[in-house]
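Undergrad:
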Amino acid sequence: MILLDVLENFEVMYRLMIFLSLLLGIGFAVLRSKRKGVPGNIIGYTVMLSVVLLLSLSIGVTFITSAGEAIGLNGTGAAVGIGLGIFTMAMISPQYKRKLAGSFFMALPLMYGIGKIGCSFAGCCAGLPYHGAFSVSGREGVEVFPIQALEAAVFLLLFLGSAVLDIRGHFKPVIAAIVYACAKIMLDFLRDTHVEHIFSQNQIMCLVIVIVLCTMHIISAINNKDRLQVRQ
185 MILLDVLENF EVMYRLMIFL SLLLGIGFAV LRSKRKGVPG NIIGYTVMLS
235 VVLLLSLSIG VTFITSAGEA IGLNGTGAAV GIGLGIFTMA MISPQYKRKL
285 AGSFFMALPL MYGIGKIGCS FAGCCAGLPY HGAFSVSGRE GVEVFPIQAL
335 EAAVFLLLFL GSAVLDIRGH FKPVIAAIVY ACAKIMLDFL RDTHVEHIFS
385 QNQIMCLVIV IVLCTMHIIS AINNKDRLQV RQ
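Okay, so the sequence shown: first residue is 185 according to this note's numbering, each after it adds one.
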């Protein structure tokens with residue numbers, strides 16, 4: 185009975201899934217970092233910094249984009265928060281930057297995917313008006329596309345794909361983050377924000393992220409090439 189009551193209370197389920205997304209995502213990043221040989225104190229500092237920035241930017245982006253009319257969690261802001269946390273720790277402990285980036289970036293689709301399951305319960309982030317198969321009841325009873333469920337499935341699959349690449353030794357954190365951001369841009373076209381706008385605020389933020397990450401990747405590739413030439 186208690187379990188059924190919780191499942192029927194959509195607000196409780198939303199909060200539970202958001203909590204689980206943070207717990208499982210951060211837990212995965214910690215375990216992978218430890219397995220890669222990152223010292224416990226470095227992992228601890230990274231977690232504290234990343235969580236503070238994650239919550240601050242997640243809530244801050246929602247507050248700013250709503251012109252101060254709403255307070256909530258924004259997935260893109262959360263991802264940027266984790267990215268800034270990793271960048272800061274990379275400046276402090278550069279010898280662990282690749283291992284930390286790999287662990288925490290790989291956790292992003294896991295956290296986002298589980299968080300979107302919570303959104304499915306809450307009914308927020310509605311999809312475009314849609315009356316076909318798998319449509320769900322959105323705001324004011326209007327049938328909409330089940331964007332939350334699709335996003336959850338896509339990002340959980342991206343996490344599994346990233347894990348497989350990591351096991352095979354082919355996971356590239358920056359490339360993966362670019363793929364995650366591009367997936368978010370494409371999926372966002374199915375949200376109700378596109379009824380009146382061509383591009384959403386989330387898409388613009390993700391596009392900026394892609395440009396920054398691509399620039400970083402190109403600069404890193406050039407620097408690595410120069411180092412190889414010097415050694416030769």
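Ideal Cβ placement from N, Cα and C applies to all residues, glycine included.
Please specify which runs of the beta strand (DSSP E), each continuous and at least 3 residues long, are wholly inside the segment 219-260, giving them in chain order.
TA: The qualifying runs do not exist here; there are none.
Undergrad: Return the bridge partner residues of Glu327 from the DSSP annotation.
TA: Here residue 327 is taken as the residue at index 143 of the sequence shown, counted from 1. Beta-bridge pairing links Glu327 to Ser321.
Undergrad: With a 10 Å radius around its C-beta and 16 neighbouring C-beta atoms as the bar for buried, classify Ala317 as buried or exposed.
TA: For the purposes of this step, residue 317 is taken as the residue at position 133 of the sequence shown. So Ala317 counts as exposed.
Undergrad: Do Val214 and Ile455 have their beta-carbon atoms positioned less than 8 Å apart in this structure?
TA: In this structure the chain extends from 185 to 416, so residue 455 is not present and cannot be described.
Undergrad: The alpha helix (DSSP H) that contains Pro357, what's its start and end?
TA: Mapped onto the sequence shown, residue 357 falls at position 173. Its alpha helix (DSSP H) spans residues 357-372.
Undergrad: Which term fits Glu195, buried or exposed, when burial requires 16 or more other beta carbons within 10 angstroms of its beta carbon?
TA: Stepping through the sequence shown from its first residue, residue 195 is reached at position 11. It counts as exposed.
Undergrad: Have a look at Ala262, Ile403, Ile359 and flag the residue whose alpha-carbon is nearest the alpha-carbon of Leu342.
TA: The residue labelled residue 342 in the question sits at position 158 within the sequence shown. Selected option, being the one with the closest Cα: Ile359.
Undergrad: Residues in the same chain with beta-carbon distance under 6 Å from Arg216, minus the five sequence neighbours each way, listed in chain order, please.
TA: By 1-based counting over the sequence shown, the position of residue 216 is 32. For Arg216, where only same-chain residues beyond five positions count, the Cβ hits under 6 Å are Ser287.
Undergrad: Considering Arg282, what are the terminal residues of the alpha helix (DSSP H) in which it resides?
TA: Mapped onto the sequence shown, residue 282 falls at position 98. Looking at the DSSP string, the run of the alpha helix (DSSP H) that includes Arg282 is 281-306.
Undergrad: With a cut-off of 8 Å on the beta carbons, I'd call Pro293 and Ser346 a contact; round off their distance for me.
TA: Taking the sequence shown and counting its residues from 1, one reaches residue 293 at position 109. Taking the sequence shown and counting its residues from 1, one reaches residue 346 at position 162. With a Cβ gap of about 7 Å, Pro293 and Ser346 count as contacting.
Undergrad: Assign Arg375 to one of three DSSP states: helix, strand, or coil.
TA: Here residue 375 refers to the residue found at position 191 when the sequence shown is read from its first residue. In this structure, Arg375 counts as strand in the three-state DSSP scheme.
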